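Take a look at the structure below.
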Amino acid sequence: MEELITLIKYAFLGALQGFTEPIPISSSGHLVLAQELFGISISENDFSFEVLMNFASLLAVVLIYRKDLIRLMENGRKYVTKRDSVYKNDFMFIVYLIIGTIPAGVVGLLFEDRISATFRGIAPIGVALLVTGLALWLIRNLKGRKSDRNLTIRDALIVGCAQAIALIPGISRSGATIVAAMGIGMKRETALRYSFLLYIPVSLGTILIKIKDIDFGNLLIPYIIAFILSLIFSYFSLKWFMGIMERGNLKYFAYYCFAIGCLILFIT
Numbered sequence: 263m264e265e266l267i268t269l270i271k272y273a274f275l276g277a278l279q280g281f282t283e284p285i286p287i288s289s290s291g292h293l294v295l296a297q298e299l300f301g302i303s304i305s306e307n308d309f310s311f312e313v314l315m316n317f318a319s320l321l322a323v324v325l326i327y328r329k330d331l332i333r334l335m336e337n338g339r340k341y342v343t344k345r346d347s348v349y350k351n352d353f354m355f356i357v358y359l360i361i362g363t364i365p366a367g368v369v370g371l372l373f374e375d376r377i378s379a380t381f382r383g384i385a386p387i388g389v390a391l392l393v394t395g396l397a398l399w400l401i402r403n404l405k406g407r408k409s410d411r412n413l414t415i416r417d418a419l420i421v422g423c424a425q426a427i428a429l430i431p432g433i434s435r436s437g438a439t440i441v442a443a444m445g446i447g448m449k450r451e452t453a454l455r456y457s458f459l460l461y462i463p464v465s466l467g468t469i470l471i472k473i474k475d476i477d478f479g480n481l482l483i484p485y486i487i488a489f490i491l492s493l494i495f496s497y498f499s500l501k502w503f504m505g506i507m508e509r510g511n512l513k514y515f516a517y518y519c520f521a522i523g524c525l526i527l528f529i530t
C-alpha cells in the first residue's frame, strides 16, 4: 500500500508540474503549494525530481518547436558560412536568444540559493502570484507590432531580465517573459515563440549543472511515471496555451492568479 501511495504521489506531482510549467501560473509555486497545503511531500531526492521534471518539460517544448529550431540552426549555419542576408534574421534571432539567456544564468548562479531562502514558504508565493496576475492583467489587450525581424538587443535584455525575476517562487517564467515581450511591443505569436525558445537554453543549462547530483535511490519507477506524465501534460498544456495566446485570453490566467494568491494569503 505504501508503494502505491508513493506512486500516486509522484504521478500527481509530475502531472501538476507538467500542466503548470508552460502556462503563466508558476509551476514551482504550485509544486510548493501542493506539498504544503495537501500534506504531500517528496523524498530527500526532491532535487533530482526537480531536474527530471524540468527535463520532461524541456522535451515537450523541443517537440513543439522542433521546426523552428531546425530552421534556426540551418539558417544560422548558412549565414555564418555564406554571409547571405537571406539568413540574417534567423541568425540574429539566435543571437537574441543567447543574449536573453544571460541575465537568468548570471542571477541563477550567483543568487539562486539566497532567493530560495528569502522567499521560502507559501505566503511569499501568494504575493508573487498576485504580482503575476497584475502583470498579466495589464497586458491583456496588447497585440504588438514587432515580429522576429524587428527585435533588438534591448528587447532581448528586457525579456531576459524578466526571466531572471521569475527565479522568485510564484513568479511564472512564461508569464514574466511573455508580459515583458508584449510590453515592449512584440506580437503575441512572436512573444510566445521567443519566450519558449528562451526557455530551452536556460533549462538545458540548469540540467547540465545539476545532473551530477541526480540520485533516483529506490524511486526509479515513481520517477519514470512522473517523468512520462510531466512530458505528456507539458506538451498538451503548451498546445492549449498557444491557442489561448492566439485568441488573446490571458485575462483568465490573471483571474486565476488573483484568486489563488488571495486564498493563500487568507489561509496563512
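Adding 262 to a residue's 1-based position in the sequence shown gives its number in our numbering. All C-beta atoms in this analysis are idealised placements derived from N, C-alpha and C, irrespective of residue type, glycine included. Since this is a predicted model, take the numbers as computed values, not measurements.
Through-space distance from residue 481 to residue 349, alpha-carbon basis: In a straight line, the C-alpha of residue 349 is about 47 Å away from that of residue 481.
Beta-carbon proximity of residue 506 to residue 514, cut-off 9 Å: By the CB criterion at 9 Å, residue 506 and residue 514 fall inside the cutoff.
Close Cβ partners of residue 441 (< 6 Å) along its chain, the five nearest in sequence each way excluded: In its chain, beyond the 5 residues on either side, 397 and 401 have a beta carbon closer than 6 Å to the beta carbon of residue 441.
Coil, strand or helix - residue 504 by DSSP: Here residue 504 sits in helix by DSSP.
Identity of the residue in 453, 435, 289 and 338 nearest residue 354 by Cα: Among 453, 435, 289 and 338, the Cα nearest to that of residue 354 is on 338.
Cα-Cα separation between residue 461 and residue 421, rounded to whole angstroms: Straight-line Cα distance between these residues: approximately 11 Å.
Cβ neighbour criterion (16 or more within 10 Å) applied to residue 360: The residue is exposed, with fewer than 16 neighbouring Cβ atoms inside 10 Å.
Distance between residue 483 and residue 446 (C-alpha atoms, nearest Å): Computed Cα separation, rounded: 45 Å.
Residue 380 at chain B interface by Cβ criterion, 9 Å: Annotation note: the requested chain B is absent from the structure, which comprises a single protein chain.
Cutoff 7 Å; reference residue 468; Cβ partners in own chain excluding five residues on either side: Within the same chain, residue 468 has close Cβ partners 316.
Sequence-distant residues of the same chain with beta carbon closer than 6 Å to residue 404, five excluded per side: If we look at residue 404 and ignore the five residues flanking it on each side, its Cβ neighbours are 444.
Three-state secondary structure (DSSP) of residue 307: Because residue 307 carries a pLDDT of 47, less than 50, the predicted location of this residue cannot be relied on, and the following value inherits that uncertainty. Coil.
Within the region 300-371, ranges of the alpha helix (DSSP H) (whole runs, at least 4 residues): Residue ranges of uninterrupted alpha helix (DSSP H) with 4 or more members, entirely inside the region 300-371 and ordered along the chain, are 308-326 and 328-344.
Separation of residue 356 from residue 529, as counted between CA atoms: If you take the alpha carbons of residue 529 and residue 356, they lie about 45 Å apart.
Rounded distance between the beta-carbons of residue 493 and residue 385, thought under 8 Å: Not really, about 32 Å apart at Cβ, beyond 8 Å.
Ranges of the alpha helix (DSSP H) found wholly within the region 431-458, counting only runs of at least 4: 435-445, all fully within the region 431-458.
Residue 523 versus residue 343: straight-line alpha-carbon distance, rounded: If I take the Cα positions, the gap works out to 51 Å.
Classification of residue 283 by the beta-carbon crowding that lies within 10 angstroms, buried from 16 upward: By the neighbour-count rule (16 or more Cβ atoms within 10 Å), residue 283 is buried.
Sequence-distant residues of its chain with Cβ nearer than 6 Å to residue 472 (five each side left out): 313.
C-beta contact flag for residue 291 and residue 377 at 9 Å: Contact: no.
Beta-bridge pairing of residue 408 - partner residues as DSSP gives them: Per DSSP, 448.
6 Å CB neighbourhood of residue 438 in its chain, flanking five on each side removed: Around residue 438: 424, 427 and 428.
Range covered by the alpha helix (DSSP H) that runs through residue 400: First-last of the alpha helix (DSSP H) with residue 400: 384-400.
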